[in-house]
Every structure is written in structure tokens, then in C-alpha cells.
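Notes follow once the structure below has been shown.
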Amino acid sequence: MEAEQIRADVVVVGGGNAGLCAALAARDGGAHVVLLERAPRAERGGNSAFTGGVMRFAYDTVDDLLALVPDLSEEERENADFGSYTYDEFFDTVVRVTEHRCDPDLADLLVSRSRETLEWMVDKGVRFIPTYGRQAYQVGTKLRFWGGVPLEVSGGGHGLVDALFAAADKAGVDVRYGARARRLDREGDATVVRGTTSDGPFEVRAGAVVLAAGGFQANVEWRTRYLGPGWDLAKVRGTRFDTGDGIAMAMDAGAMPAGNWSGCHSVGWDLNAPAFGDLSVGDGFNKHNYQFGIMVNAEGRRFVDEGADFRNYTYAKYGRAVLAQPGQFAWQVFDSKVADLLRPEFYRTRRATRVAADTLEGLVAKLDGFDPEQCLRTIREFNDAVQVDVPFDPTVKDGRGAPGLAVPRSHWANRVDEPPFEAFAVTCGVSFTFGGVQVDADGRVCDTEGGVLPGVYACGEMVGGLFYFNYPGGTGLTWGSVLGRISGTGAAAYAR
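In this note's numbering, the protein residues as written are 1 to 496.
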């Protein structure tokens with residue numbers, strides 16, 4: 001069958017947050033843009049559609065938030081402590097959680113361009129609101145925000161994707177759904193993307209391409225090859241379409257691989273969640289409040305410091321820890337003292353794998369695949385070690401620990417001793433992989449010879465070099481937007 005011939009100034013491969021920001025930036029630059037979205041319209045948006053819409057950025061005072069939330073009322077400002085999150089704090093966070101492995105130039109690009117990029121997104125129709133539910137607790141008379149992420153997109157990931165697609169439609173971006181790009185060639189002055197739809201093959205001939213097709217977490221063979229044994233047993237939090245196509249296209253064209261290919265963003269995810277993300281649930285299978293209880297494996301033993309740091313800085317690596325346990329699962333155990341601190345969108349849904357009882361003995365007897373006697377010993381030892389004389393405060397690292405244990409506890413320790421008790425079963429959910437292609441500060445894809453691939457840009461999860469081992473919550477969407485905007489701008493200029 002003869003391939004459909006499509007012309008464009010810039011072709012964008014991938015319709016998530018990063019690709020949409022690239023397409024909008026290229027349109028700002030005057031380019032005619034074709035966007036290829038592998039998913040059908042009903043599943044559009046890549047991993048971005050499955051997120052909570054939280055975006056991390058640098059800000060000094062609450063006044064810096066007003067450009068992003070212009071309708072923030074005086075009463076809201078008075079009743080909340082939004083704190084600050086400076087450039088230095090953001091940069092230091094990225095460096096610390098990646099164990100000093102991140103590319104400092106990419107980290108600087110992320111941090112220095114974060115707030116201005118979000119302001120640009122507001123101009124495109126994205127609406128931000130305070131993260132009252134996820135990132136604030138009542139302390140005295142004020143809601144105190146913690147963890148450096150005071151804002152989220154209204155409507156979460158769905159809201160973000162819908163707003164950006166609406167902006168793309170308004171701007172005249174030509175979106176092609178069900179279009180899977182498979183090959184990238186340079187022919188004379190043109191970049192040619194070849195692929196298929198249900199109607200047959202196509203070729204897009206353009207001046208430049210922006211690759212924004214995500215990681216390889218939905219490719220079980222690649223996941224096992226690069227992340228290692230056992231990763232075939234993990235669940236995928238997001239889209240089923242992120243199988244590494246963009247990375248493969250780029251590397252076949254001579255791109256330099258970069259980053260932490262054996263690493264990924266992985267979380268505690270409901271044990272009985274489906275193999276891939278469910279858009280009707282979004283990120284609701286998360287179980288992110290482990291810091292207020294304890295996690296025990298099939299042997300009834302704790303295996304991580306649940307309160308090592310704020311959840312934003314541990315959740316993306318604790319999925320790996322859960323996967324390494326016998327049976328690839330764990331139970332999160334809580335008592336009634338902390339029940340109100342468990343986020344309802346994660347823990348109070350019908351699809352949460354939950355058991356409850358009025359006694360600890362009754363609770364552990366209900367836990368499948370489990371050593372109940374050892375679990376009771378673990379809980380007793382933990383309770384005896386809790387520093388009850390230290391005040392509990394969920395908005396700061398309060399130092400209320402449980403020292404002297406085989407796995408000590410650093411913060412937010414509470415005895416598990418007030419009924420009723422409940423436990424939630426979790427396994428590992430992979431969000432996205434950390435390995436990808438190397439880019440420069442302009443988003444140009446670097447080649448294996450020390451140069452760049454002419455007319456080829458990349459952004460989002462398929463770029464390697466920023467995240468290693470771990471990840472600060474809310475950074476992925478911001479990174480996709482920042483580099484997407486840069487890449488789209490550069491691609492439009494190159495095409496001209």
C-alpha cells in the first residue's frame with residue numbers, strides 16, 4: 001500500500017504534556033505542526049493523563065504564586081502557609097535525591113525555567129489551584145503546605161491534557177490519532193517520520209521533528225532487559241503505549257543513549273490494580289501515606305524506613321523496594337490515630353485492596369501470603385521503640401522516630417495500638433523509565449560522534465540524564481513542559 005504523504009514544518013511524535021507543549025511552542029514560532037499521537041482519542045495524553053497534575057517549580061513568596069493562581073483570594077492567602085521553594089532549594093533537591101548523578105546543566109534548565117514555563121502554560125489556558133488535598137495539613141489555624149509543591153493543575157492529569165489539547169486545536173495544530181511512528185530518516189534538508197495507522201502507512205516530511213514518545217515502561221521485554229530480573233512482574237501505572245518507540249527511532253538514527261537505564265520511577269501501587277493504568281481511576285491506585293504507618297513484607301518484617309524523608313522524596317523509589325520483597329508485595333498497616341491522614345482518593349476507594357479488624361490479631365489473620373506471628377512481633381517492637389515524647393507534625397521532618405530497630409524509623413512514628421486497624425496490599429507500579437537519549441540545553445538530540453542529529457529534538461520521559469535512582473514528586477510534568485517548550489521553539493527555528 002502506498003504511504004500517505006503529509007507535509008509539515010515540525011512534526012511532534014507523542015501527545016502527552018511534553019509533546020503538546022512542544023507543539024504549542026512550535027506554533028508560537030510560526031511553524032505548521034503535525035502531532036502524531038499513537039493512542040486513539042479516548043486514550044490520548046500519554047502518562048500525563050494518569051497523573052495527579054502536581055507540578056514542582058521554584059518560587060520565593062506567595063506573591064510569586066499569584067501569576068499562576070490569579071483568583072487566589074485574600075482569605076485563602078490568610079488561612080494558608082504556602083512557604084517558599086527557592087531556586088537553590090529546588091536545585092539541591094534534584095541533586096540530593098539523584099545521589100549527585102543528575103546532569104547539572106539539565107537540572108539548572110529545569111529549575112531556572114520552571115516558573116516562567118508554568119506562567120506560559122497559564123497563557124495557553126491551563127488552570128492551577130492549590131494542592132489542598134495532597135500537600136497541606138491543618139496546623140493550628142492555618143493550612144501548612146509541605147514538600148515544595150503548593151500547586152496542581154485543576155482536574156489533575158485529565159485537566160492538563162484537555163487544556164493543552166484545546167490550546168493545540170485553537171492554535172491550529174494538526175493532531176493525528178492512532179498514528180504510530182516507527183522510523184526516522186534524514187533525506188536532504190527534510191526529516192522524515194514513517195509509521196502506520198489503521199488505514200495504512202504514512203510519511204511525514206518536515207523541517208524538524210520533536211520526539212516526545214515517553215519511556216519504555218510498557219514494554220515488558222525492554223523493562224526486564226534493562227531494569228533487571230523481576231521487573232516483568234511489575235504493573236504499569238500509566239499508558240500502555242509507552243513501549244520505547246521514540247527511543248528506538250532516535251537510536252537507530254544515531255542518537256547517544258544517556259541516563260539511568262536500569263532505573264525508573266516506581267511506587268507502591270494497589271496489589272490488584274490492572275496491568276496498565278485505568279483512566280477512570282487515574283493515579284487512585286497509589287498508596288502514598290506509608291509514612292504514617294508501617295510497611296511489612298510477607299515475612300511480617302519491616303524493610304524500609306517509612307519516614308526517611310517527605311513522601312515526595314521517597315515514594316518514587318519505594319516501589320522498587322516492594323518489588324524486591326518475597327512475592328513482590330507488602331502490606332501497609334495503620335491504626336485509627338492516623339486514619340484521617342490517609343488520602344481518600346488513594347485509600348477510600350472501592351477498588352482499594354483493604355482489610356480491617358478491631359484487633360491486631362484479627363487483622364494479621366486476614367492478611368494473605370503472610371507470617372502473622374512475626375508481624376505481631378514486628379509491631380510490638382516498633383511500638384516499644386516509638387519516641388512518644390517527641391511531638392508529631394506531618395508538615396515537617398519532626399524527628400519522632402523509632403530508633404534501635406533492625407530497620408530504624410526517622411520521622412512521623414506513631415504506635416500502632418488504637419483500634420480499629422486496617423491494612424492495604426501494595427505491589428510495584430512503574431511510572432516511567434529513567435534511561436533515554438541525550439540532549440543539549442536546546443533540546444537537540446546528541447549523536448554518538450559528539451555532535452547533534454540535524455533537525456531532531458526530544459523532550460519528556462524519553463530524555464535521559466536528569467533522574468537517577470529516585471525522583472522529586474511533581475518534577476516530571478514540569479520537566480516535560482520546560483524541555484517541551486524549548487524543543488518546540490528550537491524545532492520551529494530550525495525548520496525556518
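Even glycine gets a Cβ: it sits at the ideal position worked out from N, Cα and C.
In DSSP terms, what residue i is bridged to
i    : result
D389 : Looking at the DSSP assignment, D389 forms no beta bridge with any residue, so it has no partner.
Y85  : Y59
N286 : W269
N79  : For N79, which the question treats as bridged, DSSP gives no partner whatsoever.
C446 : V452
Y457 : V210 and R444
T427 : W269
I6   : V204
E422 : F334 and A356
A527 : Residue 527 lies beyond the stretch modelled for the chain, which goes from 1 to 496, so this question has no answer here.
P274 : According to DSSP, P274 bridges with nothing at all.
F432 : H265
K259 : Reading the sequence as shown, one finds Gly at residue 259 and not Lys. Answer is G435, bridged to G259.
A136 : F145
R302 : V296
V463 : V437
Option in the options with minimal Cα separation from residue i
i    : options                   : result
T239 : T475, A18, A39 and E2     : A39
R205 : S280, E187, T197 and D199 : E187
G259 : A493, E116, C102 and A491 : C102
V304 : A316, V322, Y313 and K287 : V322
P394 : F145, F276, V13 and P344  : F145
Y347 : D71, Q332, L360 and D199  : Q332
Y313 : H288, G451 and G369       : H288
R350 : S280, G465, V407 and Y177 : S280
D278 : R44, P391 and C264        : R44
M295 : S262, G307 and V390       : G307
T475 : L453, M55, N79 and M1     : M55
G480 : L211, G155 and A413       : L211
G147 : V12, Y315 and Y226        : Y315
D108 : R182, D232, D440 and E449 : D440
E381 : V407, G172, R400 and Q135 : V407
L24  : I6, F90 and G172          : G172
L21  : F292, F432 and L118       : The question names Leu, but residue 21 in the sequence shown is Cys. Of the candidates F292, F432 and L118, the one whose C-alpha sits nearest the C-alpha of C21 is L118.
M121 : A166, Y132, R311 and M249 : A166
V11  : S73, V209, A423 and A42   : V209
R183 : G156, D245, V126 and A218 : D245
R301 : F285, E373 and G450       : E373
V355 : G284, P420 and G53        : P420
R409 : R176, D309 and C375       : D309
G451 : A253, G293, L363 and S431 : A253
F392 : A413, T378 and L376       : A413
Whole-angstrom distance between residue j and residue i, CA atom to CA atom
i    : j    : result
H100 : D88  : 15 Å
A273 : D447 : 39 Å
E418 : G319 : 28 Å
G404 : S114 : 41 Å
V34  : G200 : 18 Å
A3   : R496 : 26 Å
L143 : G473 : 20 Å
R180 : D64  : 40 Å
L66  : A80  : 14 Å
A163 : A18  : 13 Å
V445 : C264 : 21 Å
R195 : E37  : With the sequence shown as reference, residue 195 is identified as Gly, and Arg is not the correct amino acid for it. Each residue's Cα considered, the two are about 11 Å apart.
Y494 : L341 : 51 Å
G155 : A234 : 28 Å
V388 : W231 : 39 Å
Own chain residues within Cβ distance below 7 Å of residue i, not counting five before or after
i    : result
V443 : Checking the displayed sequence, the identity of residue 443 turns out to be Gly instead of Val. The answer, listed in chain order, is Y457, A458, C459, L483, I486, S487 and G490.
L106 : G465 and L466
I247 : F216, G436, V437 and M462
T86  : A58 and D60
A385 : A402, P403, G404 and L405
V62  : R77 and F82
Close Cβ partners of residue i (< 8 Å) along its chain, the five nearest in sequence each way excluded
i    : result
L271 : F329, T353, A425, V426 and T427
G228 : S262
Close Cβ partners of residue i (< 6 Å) along its chain, the five nearest in sequence each way excluded
i    : result
K397 : H411
D185 : V192
G369 : A298 and G327
Y290 : E306 and Q332
V161 : G45, S48 and A49
F276 : V236 and R240
Residue i: CB within 6 Å of a non-hydrogen atom of the ligand PLP
i    : result
V452 : By its list of ligands, the structure shown contains no ligand whatsoever, and the ligand PLP lies outside what it can speak to.
> Which runs of the alpha helix (DSSP H) fall wholly inside the stretch 324-359 and span at least 4 residues, in chain order?
Replying inline: 344-347
> Which parts of the stretch 140-172 are runs of the beta strand (DSSP E), unbroken and 3 residues or longer, counting only runs that do not cross its ends?
Replying inline: 142-145 and 151-153
> What alpha helix (DSSP H) runs, 4 residues minimum, are completely inside the stretch 169-255?
Replying inline: 220-227 and 245-252
> Residue ranges of each alpha helix (DSSP H) run of no fewer than 4 residues wholly in the stretch 8-61, ordered along the chain?
Replying inline: 17-28
>> Runs of 4 residues minimum, wholly inside the stretch 89-130: which ones carry the alpha helix (DSSP H) assignment?
In response: 104-112 and 114-123
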